[in-house]
Every structure is written in structure tokens, then in C-alpha cells.
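Colleague: Using this note's numbering, the first residue of the sequence shown is number 1, and each one after it goes up by one.
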Amino acid sequence: MRRAQESKSAPVGVVTKVLRILEALHASPSGVPLKDISELTAINKSTAYRVLAHLEREGYVFRDSAGVYAIGVRLALLGSGASYQTTMRKIGRPVLEELARITGETVSLAVLEGREVFYVDVMESAHTFRLVSQIGMRHPLYCTASGKAMLAFHSEEEQDNLISGIEFKRLTPHTITRAANLRKELTLIRRRGYSLENEEVYLGSRCIGAPIFDEAERVVAALSVSGPTTRVTREKVPTFAAAACQAAAAVSKGLATNRKEFVARCGTQPQNISLASN
Numbered sequence: 001m002r003r004a005q006e007s008k009s010a011p012v013g014v015v016t017k018v019l020r021i022l023e024a025l026h027a028s029p030s031g032v033p034l035k036d037i038s039e040l041t042a043i044n045k046s047t048a049y050r051v052l053a054h055l056e057r058e059g060y061v062f063r064d065s066a067g068v069y070a071i072g073v074r075l076a077l078l079g080s081g082a083s084y085q086t087t088m089r090k091i092g093r094p095v096l097e098e099l100a101r102i103t104g105e106t107v108s109l110a111v112l113e114g115r116e117v118f119y120v121d122v123m124e125s126a127h128t129f130r131l132v133s134q135i136g137m138r139h140p141l142y143c144t145a146s147g148k149a150m151l152a153f154h155s156e157e158e159q160d161n162l163i164s165g166i167e168f169k170r171l172t173p174h175t176i177t178r179a180a181n182l183r184k185e186l187t188l189i190r191r192r193g194y195s196l197e198n199e200e201v202y203l204g205s206r207c208i209g210a211p212i213f214d215e216a217e218r219v220v221a222a223l224s225v226s227g228p229t230t231r232v233t234r235e236k237v238p239t240f241a242a243a244a245c246q247a248a249a250a251v252s253k254g255l256a257t258n259r260k261e262f263v264a265r266c267g268t269q270p271q272n273i274s275l276a277s278n
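#1: Following the continuous alpha helix (DSSP H) through C143, name the residue where it begins and the one where it ends.
#2: Tell me whether K90 is buried or exposed, calling it buried when 16 or more other Cβ atoms sit within 10 Å of its Cβ.
#3: Residue range of the beta strand (DSSP E) that L112 falls in?
#4: Mind checking which residues open and close the beta strand (DSSP E) that includes N198?
#5: If distances are taken between C-alpha atoms only, which option among F168, T172, L188 comes closest to A179?
#6: Where T230 and Y142 are concerned, what is the direct C-alpha to C-alpha distance, given to the nearest angstrom?
#7: By DSSP, does G165 sit in helix, in strand, or in coil?
#8: May I ask you to report which of helix, strand or coil DSSP gives Y69?
#9: Taking S252 as the reference, give the member of M150, E158, P211 with the closest Cα.
#10: V14 to M150, Cα distance in whole Å?
#11: Taking buried to mean at least 16 other C-beta atoms within 10 Å of its own C-beta, is Q246 buried or exposed?
#12: Compare the Cα-Cα distances from T41 to each of R50, L22, L55, R57 and report the closest residue.
#13: Is the stretch 157-177 touching the stretch 90-109 in the sense that three or more CB pairs, one from each, lie closer than 8 Å?
#14: Helix, strand or coil: which one does DSSP assign to I212?
#15: Could I get the ranges of all uninterrupted alpha helix (DSSP H) runs contained in the stretch 24-48, with 4 residues as the minimum, in chain order?
#16: Smallest Cα separation from A126: which of S146, E105, V237, R93?
#17: Starting from L223, follow the alpha helix (DSSP H) in both directions and report where the run begins and ends.
#18: Cα separation between A145 and L186?
#19: S195 and P228 - do their beta-carbons sit closer together than 8 Å?
#20: What's the C-alpha gap between V55 and V61?
#21: Select from E116, S65, G114 the residue whose C-alpha is nearest the C-alpha of P94.
#22: Are there 16 or more other CB atoms within 10 angstroms of the CB of L283, so buried, or fewer, so exposed?
#23: On the CB-based measure, 16 or more other CB atoms within 10 Å of its CB, does S226 come out buried or exposed?
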């Protein structure tokens, strides 16, 4: 009887350790290193590491390049949308920084909220003349590169639902104002793997967007590179688009996704983002 009781109680002890670790991570949204987790939970480092390693493999915990742990995507999805956005921003920030460095232009990370694009992270260009974006900004879904990149990779049924509720407004002479024209462009975006916004929101600006997928191959966000048309020229679009696709694939990989189809579509790999000439 003694052995039976011990075998039943052992798994409970493991669960308790897991819960302590998750509570410690939840209390520190910016992340916690292994040493601090061990101290906060009174769990020895080797045991804490084994638990964290398993949670990381399953996507419930995320570890950055500095070895700092945070709530992972799968666990964040069980909680609030805000937590999910925080996790996505933490995973995406290094990729955005690299993309901004190699393009020299403003780079943004956005999610879909209703029929609007909501920007959760922005890396502004160092150029004096640049496209200004801010975290928390919202733009219409139908005329932004990020919005079109996300919309293009929704199912046909989801597209119909979103498009049917759009109130098209002409922001510039180049803004799409008809559902039929939008659908035609979404087909093109889905085929080539990235979107374009040519002076549809602001005159004199051009933006390139690429979709980000979760592990179920659902589009959950998009990143974009934007700048004035004098610098983001039509000749540079293929090179910038390749870099944006690579960056989006890197974020998707960080979100523990199966992105084989996306990588094949873009014809790029997520590692070693570069702007090599074609």
C-alpha cells in the first residue's frame, strides 16, 4: 500500500513544480532567467531546467537568446489576447531589429483586430524623411500591406466574412475601393507570398508586407517594411520582399509553426536575412 501511495503522489509533485514555474513566469512579463526561477520557486536548478526544457519543446515556454524564459505562445493563447501580443512582440523584436537594420526603413509587426490592423511593435527608420508609425496605431484592413497580407491567407469563408463588412473609403487616389478589386489582389498576394501597398494610405509611401503563421498554419500576424517611394523604389521591391518573407518565416519559426508551404512559396529560408542583389 505504501508503494501505491507513493506512485500516486509522485506525479502531483511534478505538477506542483510546473505550476510554481508558470506562476513565476506569469508574475514577470519581461521574462526570468533560470537562476531566478530556481530561487523564486525553491526548485533546484537542474530540476527547473528539465521542466522548462519540456515546456519549451511543447511551446508553453519561450526562451530568448540570453536564456531568459517567458510565457510561450501555446500558453498565451489560453489566456488573454494582450499576453499573446506581448509574447509575439518578444519573439519578433530581434527579427524586426535585423530587418530594420538591413533595409534602413521602418519595420512594423501587426495583428488583425476586427477589420483593422493593430500595430503591436514598430522599429522606425533612422532617416529624417521616413514613414511614421507607432505602437497602438490602427489602419483599415483593405489598404495596408499588413492587412492585405493577413487577409490573403485567411480561408475563403473568412475572407468573405471580413470583406462583406468593410466600409471602403478612398484615402488617396490609389486606395482600393471595390471588393472585386481587393479579391483580385488577394489572389495575387497568396500566389507570390507577400503584399504591396503603393500610396494607398499616404501619398509618396510604399509598403511591403509578409504573413506570419502559427503552428496550425493559421495566419496570426504580419510584418511590413515601409518608406517613401523615393527610397523604396519599384526596383527594390523584389529584394525587400525577399527579406520580409525571410523575416516573417523566422518569426513563424519562433512561434513553433509548420511553415513549409510558406517558405516554399516565398522561395527563401528564415535564417541569415540579407539583401543580396538578385
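Every residue, glycine too, gets a C-beta built ideally from N, C-alpha and C.
Modeller: Quick look at the numbers:
#1: Here C143 belongs to no alpha helix (DSSP H), and DSSP marks it neither H nor E.
#2: Under this definition K90 is a buried residue.
#3: Looking at the DSSP string, the run of the beta strand (DSSP E) that includes L112 is 106-113.
#4: First-last of the beta strand (DSSP E) with N198: 195-198.
#5: With distances taken between Cα atoms, A179 lies closest to F168.
#6: Using only the alpha carbons, I get a separation of about 24 Å.
#7: It is coil, neither helix nor strand.
#8: DSSP places Y69 in strand when its eight states are reduced to three.
#9: Comparing Cα positions, the closest option is P211.
#10: The alpha-carbon atoms of V14 and M150 are separated by roughly 40 Å.
#11: Buried, since its Cβ has 16 or more Cβ neighbours within 10 Å.
#12: If we check each option's Cα against that of T41, L22 comes out closest.
#13: Counting Cβ pairs under 8 Å, fewer than three are found: no touch.
#14: I212 falls in the strand class under three-state DSSP.
#15: Entirely contained in the stretch 24-48, the alpha helix (DSSP H) runs reaching 4 residues are, in chain order, 34-41.
#16: The shortest Cα separation from A126 among S146, E105, V237, R93 belongs to E105.
#17: Unbroken run through L223 is the beta strand (DSSP E), 219-228; no alpha helix (DSSP H).
#18: Going by the C-alpha atoms only, they are around 11 Å apart.
#19: Taking 8 Å as the Cβ cut-off, P228 and S195 do not qualify as a contacting pair.
#20: Residue identity check: residue 55 is Leu in the sequence provided, not Val. Going by the C-alpha atoms only, they are around 5 Å apart.
#21: For P94, the closest C-alpha among the options E116, S65, G114 is that of S65.
#22: Outside the shown range of the chain (1 to 278) lies residue 283, about which nothing can therefore be said.
#23: Its Cβ being crowded by 16 or more others within 10 Å, S226 is buried.
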